[in-house]
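Protein chains in written order, with our numbering: chain A, 195 to 561; chain B, 24 to 220.
One structure is given here, and the rest of the page talks about it.
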Amino acid sequence: MRVKNIQIINFRNLKSTKIIPGVNFNLFYGLNGHGKTNILEAIFLLGSPKSFRNAKQQELVMHDEKRAVVKGEIESQRVTSKITLTLEQAGRRVEIDGKMVGRASELHGKLNSVVFSPYDTGMVRNSPDSRRRYLDRAVYMADIRYLNCWHNYHRILKQRNHLLKKSETSSLDTWTDRLATAGAEVMERRLSFVSNLDKRLKNHYSVISDEDKAAEIAYQPEGIKKTMGHEIKEEFIELLDRNRKNDEKFGSTSIGPHRDDVFFLLDGRPLKTFGSQGEQKSFVLALKMAELEYLEDIFGETPLFLLDDMSSELDTARICNLFAALSAKNMQVFITATEKRAEFADSVHLNYSVFRICDGNPTYEEN
Amino acid sequence: MLTNISSLSRLVSEFKKLPGVGERTALRMAFHLLKSPSNLTMLSEALLEVRDRTHSCSVCFALTEDDPCSICSGNRDHKAICVVENPQDMMAMERSNAWHGVYHVLEGSLSPLAGTGPEDIRIDELLKRVSSGNVEEVVIATNFTVEGEATALFLTKLLRQHKVRISRLAHGIPLGSDIEFVDAATVQWALQGRNEI
Ligand SMILES: [Zn+2]
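Shown next as structure tokens:
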């Protein structure tokens, strides 16, 4: 998958920006606040329903403007298509080759990107909801049905929570049953995704970190031991029934995939408390590489890799290891950094383009 | 408000209450009617007539001018009831010409968020019809939404206590469409609901 060109209008601080990226490595460098990350975000949004920065729609539109537009020509399965994304107060519209697209899922798989940004390293230490957000976004990329069952689950959850606040309970069993069906599907799809990621993780961790420690990602829904959909459902119903008194008291459902956590382990110990900062960064980077390879297997094409704020996030050794691994794939990579660093040129074995970003405007630099 | 003529403003305000109608459309509709007074008269008569003559059937709660409705009093299979959420769904079923039984309109679906519980829709009335003993089959044709599915499950549990065959409308691939162009979710549903032939 590749972005052949991209035009960004009224998007955050980017008034009108046009970039024709190179086929492999692309470095956007410049001072902070000049819009480097905004370009990455726009590229990401061409293939994804939500920003990786957890931004609200109106934050994406330039102040005092009605709409932001991101247009891109992308190549996937040897076919070039034009994607036009219009972001307005009312929502977002997507056109593919001039035709309006009804559902978000029609964009699915057209342009996959794996992002590594400061938001991601933060998730190791943050509360479970930031890890859950990561997991949801990653599963969605790999699994087209996930978005639909996730939405269903959350709609049913809202209905059930509303019912718990009231004394009318004649239909509570019904909503519990529906919640368990939808919840079991969410859990089953997460379990399958995480086990696929885990298989690939150890290898990537040792490549990135030059360490021999065993990296592991684990998802075990709270209170659930089974791994098959219908068995999970039975267990989940029992769990919900056991918690019913408590849930009625607080007027909300206290257990389920909306509260679950995903665990990062190094040599069997929690990364959050036992891992050094360097190890945490290597871990998340290895996680992203595992994701990249899993998406590669599913779609038969390598996704984009977006590396935000390289300078502050990674040291030279890790950057060299990462670039060597990415160079082996003949893929498209986008990187932002505050300065051009020597190791960039040294460790990349493919052609690369450098753009200096100043006030949202890119200047191509010969290298 | 776009006008200072109070009767016109009132009409525009009423139009704006209709689904999908904004201020500009409402104003356009109002001026269109004003161009021809006979149109205005016909519309106002039609509105009053539909208000005075329609009500819901006392048996099945379909929209009707007679009571019971033409389907309940007609030559249909009264042993089979098709349960729908609203009169529009029933009309859609009728257009298919594929159902020869009678109907039961629930007038809604279970939705705690909308304040609709089992006692707010016509579930008791359905159970009374079923327990009268003449009903052999109930087809649940509520929508395939979160609320419609919950309603279907709720009904199923209650109906199991009666001696009736219960079935759910199948969902799957739209007729006349190529499987390759149907989205993955629909294909999955269709596989789950496959029939032996
Ligand atoms: Zn009737």
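Just so you know, even glycine gets a beta-carbon here, dropped at the ideal spot from N, CA and C.
Bridge partners - D100(B), DSSP secondary structure assignment
G124(B)
With the cut-off set at 9 Å, would you say P135(B) and L357(A) are in Cβ contact?
yes
Could you tell me whether any Cβ in chain E is nearer than 9 Å to the Cβ of F38(B)?
The chain labelled as chain E is not found among the protein chains of the depicted structure, namely A and B.
Once the 5 residues before and after V401(A) are set aside, which same chain residues still bring their CB inside 7 Å of it?
N515 and A519
Could you give the DSSP three-state label for H228(A): helix, strand or coil?
coil
Can you name the start and end residues of the beta strand (DSSP E) that L208(A) belongs to?
L208 to I213
So is the beta-carbon of F54(B) under 8 Å away from any non-hydrogen atom of ligand 2?
This structure does not include ligand 2; its bound ligands are ligand 1.
Threshold first: 4 residues or longer. Then list the alpha helix (DSSP H) segments lying entirely within the region 325 to 391 of chain A, N to C.
340 to 358
If you pair each beta-carbon of the region 28 to 44 of chain B with each one of the region 233 to 252 of chain A, do three or more pairs fall below 8 Å?
no
Within the continuous beta strand (DSSP E) that includes E289(A), where are the two ends?
G285 to I290
For the region 53 to 103 of chain B, list the alpha helix (DSSP H) runs that are entirely contained and at least 4 residues long, ordered along the chain.
60 to 76
When we look at the beta-carbon of F468(A) and count the other beta-carbons within 10 Å, is it buried (16 or more) or exposed?
exposed
Are the Cβ atoms of R354(A) and T421(A) separated by less than 9 Å?
no
What is the DSSP secondary structure of E267(A), counted as helix, strand or coil?
strand
Taking the continuous alpha helix (DSSP H) assigned at R512(A), which residues delimit it?
T510 to S521
Using DSSP with H/G/I as helix, E/B as strand and the rest coil, what is R191(B)?
strand
Residues from the region 405 to 434 of chain A in contact with chain B, defined by Cβ distance under 7 Å
none
Checking the sheet assignment: what are the DSSP bridge partners for N199(A)?
E267(A)
A103(B): CB within 8 Å of a non-hydrogen atom of ligand 1:
no
Top-ranked residue by Cα proximity to R99(B), from L214(B), R51(B), V125(B) and E68(B):
V125(B)
Pairs of beta-carbons, one from the region 255 to 263 of chain A and one from the region 205 to 220 of chain A, closer than 8 Å: are there three or more?
yes
Run through the region 108 to 168 of chain B for me and flag every whole alpha helix (DSSP H) of 4 or more residues, listed as ranges in chain order.
110 to 118 and 146 to 154
Can you confirm whether the region 335 to 346 of chain A touches the region 373 to 388 of chain A when touching is taken to mean that 3 or more C-beta pairs between the two stretches lie within less than 8 Å?
yes
Start and end of the alpha helix (DSSP H) containing L459(A)?
Here L459(A) belongs to no alpha helix (DSSP H); instead the beta strand (DSSP E) covers F457 to L460.
Taking any Cβ of chain B, which residues in the region 368 to 386 of chain A have a Cβ under 7 Å from it, in chain order?
T368, W369, D371 and R372
Is the separation between the beta-carbon of I196(B) and that of E160(B) shorter than 9 Å?
no
Should S242(A) and D503(A) be called a contact, given that it needs their Cβ atoms to be closer than 9 Å?
no
Which same chain residues end up closer than 7 Å to V153(B) when comparing Cβ atoms and leaving out the 5 residues on each side of it in sequence?
V161, L182, H185 and V187
Do T77(B) and ligand 1 come close, with the Cβ less than 8 Å from some heavy atom?
no
Answer yes or no: does any C-beta atom of chain A fall closer than 9 Å to that of V169(B)?
yes
Per-residue burial, H424(A) [other beta carbons within 10 Å of its own, 16 or more giving buried]:
exposed
Between which two residues does the alpha helix (DSSP H) carrying F444(A) extend?
R438 to F444
DSSP three-state label for F246(A), please.
coil
Cβ of P91(B) within 8 Å of any heavy atom in ligand 1?
yes
Going along chain B in order, which residues have a C-beta closer than 9 Å to the C-beta of N306(A)?
Going along chain B, no residue has its Cβ under 9 Å from N306(A), so there is no contact; the nearest lies around 16 Å.
Quick check on the DSSP output: the beta strand (DSSP E) that includes V273(A) runs from which residue to which?
V273 to E282
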